[in-house]
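**Student:** Take this structure, written in structure tokens, and hold onto it; I'll ask about it next.
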Amino acid sequence: MTTRTATAVIIRAVLLSNEGVKSEAHYGPFLPHVGSATTTFIDKLERELEASGRYQHWDISVEKVFIADGESDCELRPTTR
Numbered sequence: 001m002t003t004r005t006a007t008a009v010i011i012r013a014v015l016l017s018n019e020g021v022k023s024e025a026h027y028g029p030f031l032p033h034v035g036s037a038t039t040t041f042i043d044k045l046e047r048e049l050e051a052s053g054r055y056q057h058w059d060i061s062v063e064k065v066f067i068a069d070g071e072s073d074c075e076l077r078p079t080t081r
């Protein structure tokens, strides 16, 4: 079994568009001891979602991910807007 050596967090956003389409996005990772960077990002994300007018509802949460040698619970992929 892999020994987990570090913890990071990601921001998980579950979005419901005005058309009723549900989607999910992940942002990060962030180091958990940098709490102000995480909360600042969440505040900015919520303002952007509200200002866009594209979503009727969203749920934002902070999720732990664990990283060991050669392992990660999350995959980082580039996205386009």
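In full-length UniProt numbering, the protein residues as written are 1 to 81.
For glycine and all other residues, C-beta sits at the position ideal for the given N, C-alpha and C.
Quick check: what's the CA-CA separation for Gly20 versus Thr7?
**Tutor:** Whole-angstrom Cα-Cα distance: 34 Å.
**Student:** Could you tell me the alpha carbon to alpha carbon distance between Glu50 and Gln56, rounded to whole angstroms?
**Tutor:** Going by the C-alpha atoms only, they are around 9 Å apart.
**Student:** With respect to the beta strand (DSSP E) encompassing Gly28, which residues constitute its N-terminal and C-terminal limits?
**Tutor:** That run of the beta strand (DSSP E) goes 22 to 30.
**Student:** How would you label Val9, buried or exposed, when you count the other beta carbons within 10 angstroms and need 16 or more for buried?
**Tutor:** So Val9 counts as buried.
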